[in-house]
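Single-structure report; data block below.
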Amino acid sequence: MDKVISISLGEIVLKGLNRKYFENKLIDNIKRALKGLGDYKIYKEQGKIYIEGLENAEQTAINRLTKIFGIIYVSPCIRTSTDLEDIKKASITLLNEKIKEEGIITFKVNTTRSDKRYPLISPEVSRIVGGAILDKIDNVKVDVISPKINLYIDIKENAYVYIDKFKSRGGLPIGTNGKGLLLLSGGIDSPVAGYMMAKRGVEIDCLHFHSYPFTSQRAEEKVLKLAEELSIYTGPLKVYSINLLNIQKAINENCPEDQMTILSRRFMMRIGERIAQDIKYDCLITGENLGQVASQTIESINVIEKAVNMTILRPLIGFDKTDIVKMAIDIETYETSILPFEDCCTVFLPKHPLTRPKLKEILKAEESLEIENLIDDALKNKIVRQIK
Amino acid sequence: MIYLDNCSTTKPRKEVIETISNCMLYDFGNPSSLHKIGLNAEKILNNARENIASFLYCKDNEIYFTSGGTESNNIAIQGAIKAKKRNGKHIITTKLEHPSVINVIKEYEKEGYEVTYLSNDEYGRIDISELEESIKEDTILIAIIHINNEIGVIQDIKKISQIIKSKNPNIHFHVDGVQSFGKLNISVNELGVDSFSFSAHKIHGPKGIGGLYLRGKSRIEPIIFGGNQEKSLRSGTENIPAIAGFCKAVDITKDNLLKEKSEVEAIKTKFADYFIENISDIKINSPLDETGSSYILSVSFKDVRGEVLLHMLEDKDIYVSTGSACSSKSNKKSHVLKAIGINDNLIEGTIRFCFSYENINDDIDFVLNEINKFVSDIRKITRR
Chain V
10 MDKVISISLG
20 EIVLKGLNRK
30 YFENKLIDNI
40 KRALKGLGDY
50 KIYKEQGKIY
60 IEGLENAEQT
70 AINRLTKIFG
80 IIYVSPCIRT
90 STDLEDIKKA
100 SITLLNEKIK
110 EEGIITFKVN
120 TTRSDKRYPL
130 ISPEVSRIVG
140 GAILDKIDNV
150 KVDVISPKIN
160 LYIDIKENAY
170 VYIDKFKSRG
180 GLPIGTNGKG
190 LLLLSGGIDS
200 PVAGYMMAKR
210 GVEIDCLHFH
220 SYPFTSQRAE
230 EKVLKLAEEL
240 SIYTGPLKVY
250 SINLLNIQKA
260 INENCPEDQM
270 TILSRRFMMR
280 IGERIAQDIK
290 YDCLITGENL
300 GQVASQTIES
310 INVIEKAVNM
320 TILRPLIGFD
330 KTDIVKMAID
340 IETYETSILP
350 FEDCCTVFLP
360 KHPLTRPKLK
370 EILKAEESLE
380 IENLIDDALK
390 NKIVRQIK
Chain L
11 MIYLDNCSTT
21 KPRKEVIETI
31 SNCMLYDFGN
41 PSSLHKIGLN
51 AEKILNNARE
61 NIASFLYCKD
71 NEIYFTSGGT
81 ESNNIAIQGA
91 IKAKKRNGKH
101 IITTKLEHPS
111 VINVIKEYEK
121 EGYEVTYLSN
131 DEYGRIDISE
141 LEESIKEDTI
151 LIAIIHINNE
161 IGVIQDIKKI
171 SQIIKSKNPN
181 IHFHVDGVQS
191 FGKLNISVNE
201 LGVDSFSFSA
211 HKIHGPKGIG
221 GLYLRGKSRI
231 EPIIFGGNQE
241 KSLRSGTENI
251 PAIAGFCKAV
261 DITKDNLLKE
271 KSEVEAIKTK
281 FADYFIENIS
291 DIKINSPLDE
301 TGSSYILSVS
311 FKDVRGEVLL
321 HMLEDKDIYV
331 STGSACSSKS
341 NKKSHVLKAI
351 GINDNLIEGT
361 IRFCFSYENI
371 NDDIDFVLNE
381 INKFVSDIRK
391 ITRR
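Protein chains in written order, with our numbering: chain V, 10 to 397; chain L, 11 to 394.
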């Protein structure tokens, strides 16, 4: 009888011929997440991934595994031979542990048998093991309708017995859907946007704009902290920091005041595109959310998008703010997001920003700016930091 | 580095650091221990108490060590209210107090105590006749800050205490002296206060240590209970290394105060004169006469975000502080700047310069030129 951790895969199982590719990516991600937890072995057995040798770090391992995309459940199991006596013993051990924690219990045994050569069919195994439990443990009852706990028995080459199923986050393994550059501000939305695309398998790096010394270094520290919190899900990531101050100053001097925000956003996209061309990102990702602020009206989004010629993903576009907040709380970036340091100094905010910009007027305003030079200068001074 | 944020905290003197380090290495004992290691620690404690008492012209049994200004203010205010709970429920204070005074008093106000907040003029000088009229039979506590930490106004504590004692000698008169300790030559006796708070890290000593002067005859109840150290007023093992460092800082200050003060005053005057002559649309919030501290100058620059100016100066290795954060949220605006009646635009553009002996050899002209340049840079943006 060994203690192992079983990992149930989500959508990957639907991937047909590509399944092996997805599984291997996932195993890479698992290995990275379990770094430092000692010597362990990972193996596949009929549709699930198993890890053995983590008895002493089980809680930490489970905690980390439930944050890896591509997994739906994580269960600590007892692995035995398929001998019925061994299965009974394992079941009684597990159930005894559970009773110690939770007191008197109603239970149900659920057996699945992927090895169809096994001499007994699944309901028979459940019945026999259930009977053995009733014999050996006082004060437990069978309840097949709404049991307090479910005991699972998977019969494969080995048999696996388990009770707890810790829900993970689903999605697809990171790295199976290209690379994206997330525009990460210090706000609530952008970390959630990054999380959502990472969940669909996109490998994420971050791009952050500041206006130091017009904004505080604490604002940048806050963004780095958000990136670190996001990296719990995405794995190691890079943060590019760009000082936008000279661009903001140029816009401020040469363009109509109410276009400030739109023009700045267009520069951010252009800088993102330039980095994406250099480092081969497949898309930009933003936390934009239709109608939330002046630069997120449909007209503004149209005009901002026209600055570049690449895919911009906006996973939050149709959410209500309250739902975004809920997600930020769930992924534990909210507390950091609401720290009071602003990353975009309000000095430059127009009093009445345009909500219905016209592309023609914006292009005309940009004629008075040396766009390429401004971008080159901004990129020259970029700082790249590796998180984790 | 040009550090002009000495009201927030100061850089510890080398001698202070050495004293602390030696104390931790060799005299780590607990003064309550009966053996000689404890005795050595007790000697350090007694010596520090004597030196600080002589610095304030009081008896050593009137000095209590605490963790700093906030704790001293809490012990004095809460302790006095507790001791006088049968005498009345009226408290008098100003609109210029440090949070560690005002927030304590507000707690009692919530519980039903009546609080009079004295008004002040445009430099923060309180109205003494209003104080006189406010004193009642059931007034139990008056708390007034000696030198305000944001604008540097000095209140006439001696005159105030005379008025208080003549109207109602039972009132406990507490003074927050954190910014005046080591900056003025102070005799607590002559000031006529019942209690007086002070802190080490504002005079180049260590953080986490401060003290409370409590006049021999004044009675306050303890608010912290434990091993009855500091005559039961502040239980908890004495922080001997920090006390030793504090004592060192006081010794050095004692020797240098008068000389340094006039040199620092000259820096303040130079700053103020330069701003008045060279930068338009400013307001000097600190008194420039004898009612203002030599160590503090608060200036508001119209149409300038204080935090932006702060970061621009930081980029040149010059460190100052602002009157409010770079934010439009009004609850973060300084209550002191509001109390002296300056408008929101000016509050946002307020910078506080706090000097120390270390600035005497700094390149002040460089600082002033940079400020002038940055102020016009920022105004170019905000005023277009």
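In this text, a Cβ means the ideal position worked out from N, Cα and C, and glycines have one as well. These numbers were taken from a predicted model, which means no experiment stands behind them.
Kindly indicate which three-state DSSP category residue i falls into: helix, strand or coil?
i, result
"Cys17 of chain L", "coil"
"His184 of chain L", "strand"
"Asp332 of chain V", "helix"
"Ser337 of chain L", "With a pLDDT of only 46 at Ser337 of chain L, under the threshold of 50, the placement of this residue in the model should not be trusted, and no figure is reported."
"Ala387 of chain V", "helix"
"Val302 of chain V", "coil"
"Lys24 of chain V", "coil"
"Phe357 of chain V", "helix"
"Pro200 of chain V", "helix"
"Ile12 of chain L", "strand"
"Cys257 of chain L", "helix"
"Ser303 of chain L", "coil"
"Ser309 of chain V", "helix"
"Ile391 of chain L", "helix"
"Ser377 of chain V", "coil"
"Thr104 of chain L", "strand"
Rounded to whole angstroms, what's the CA-CA distance from residue i to residue j? Just pull it up for me.
i, j, result
"Ile313 of chain V", "Leu299 of chain V", "13 Å"
"Glu375 of chain V", "Thr270 of chain V", "13 Å"
"Glu237 of chain V", "Glu230 of chain V", "10 Å"
"Leu347 of chain L", "Leu307 of chain L", "13 Å"
"Gly192 of chain L", "Leu235 of chain V", "43 Å"
"Glu212 of chain V", "Asn38 of chain V", "11 Å"
"Lys122 of chain V", "Thr102 of chain V", "The displayed chain sequence assigns Arg, not Lys, to residue 122 of chain V. The alpha-carbon atoms of Arg122 of chain V and Thr102 of chain V are separated by roughly 21 Å."
"Asp144 of chain V", "Ile96 of chain V", "15 Å"
"Leu43 of chain V", "Phe218 of chain V", "33 Å"
"Arg274 of chain V", "Val334 of chain V", "23 Å"
"Lys326 of chain L", "Glu381 of chain V", "29 Å"
"Glu3 of chain V", "Arg28 of chain V", "The structure shown does not extend to residue 3 of chain V, since chain V spans only 10 to 397, so no value can be given for it."
"Ser377 of chain V", "Ile256 of chain V", "12 Å"
"Ser340 of chain L", "Asn50 of chain L", "Note on Ser340 of chain L: pLDDT 48, under 50, position unreliable in the model; no value is reported."
"Leu222 of chain L", "Asp137 of chain L", "26 Å"
"Leu293 of chain V", "Leu322 of chain V", "6 Å"
For chain V, find out if any of its Cβ atoms is closer than 8 Å to the Cβ of residue i; answer yes or no.
i, result
"Val318 of chain L", "yes"
"Thr332 of chain L", "no"
"His108 of chain L", "no"
"Ile87 of chain L", "no"
"Asp15 of chain L", "no"
"Ile12 of chain L", "no"
"His184 of chain L", "no"
"His321 of chain L", "yes"
"Asp325 of chain L", "yes"
"Ile391 of chain L", "yes"
"Arg229 of chain L", "no"
"Arg225 of chain L", "no"
"Arg394 of chain L", "yes"
"Arg315 of chain L", "yes"
With a cut-off of 8 Å, does the C-beta of residue i fall near any C-beta of chain L?
i, result
"Asn261 of chain V", "yes"
"Val356 of chain V", "yes"
"Lys165 of chain V", "no"
When you compare the CB positions of residue i and residue j, do they come within less than 8 Å of one another, or not?
i, j, result
"Leu46 of chain V", "Leu63 of chain V", "yes"
"Leu160 of chain V", "Val201 of chain V", "no"
"Val111 of chain L", "Asp15 of chain L", "no"
"Ile102 of chain L", "Ile73 of chain L", "no"
"Ile108 of chain V", "Ile146 of chain V", "yes"
"Ile219 of chain L", "Asn238 of chain L", "no"
"Phe350 of chain V", "Asn261 of chain V", "no"
"Arg88 of chain V", "Tyr204 of chain V", "no"
"Leu198 of chain L", "Tyr329 of chain L", "Residue identity check: residue 198 of chain L is Val in the sequence provided, not Leu. Not closer than 8 Å, so no."
May I ask you to check if the CB of residue i is nearer than 7 Å to at least one heavy atom of the ligand SAM?
i, result
"Ala259 of chain V", "This structure lacks the ligand SAM, and indeed carries no ligand of any kind."
_chain L contacts from the region 194-227 of chain V (Cβ-Cβ distance under 7 Å)_ = Tyr221, Pro222, Phe223, Ser225
*Going along the region 352-382 of chain L in order, which residues come within less than 9 Å of chain V, judged by CB to CB distance?*
none
*If contact means a Cβ-Cβ distance below 9 Å, which residues of the region 20-33 of chain L contact chain V?*
none
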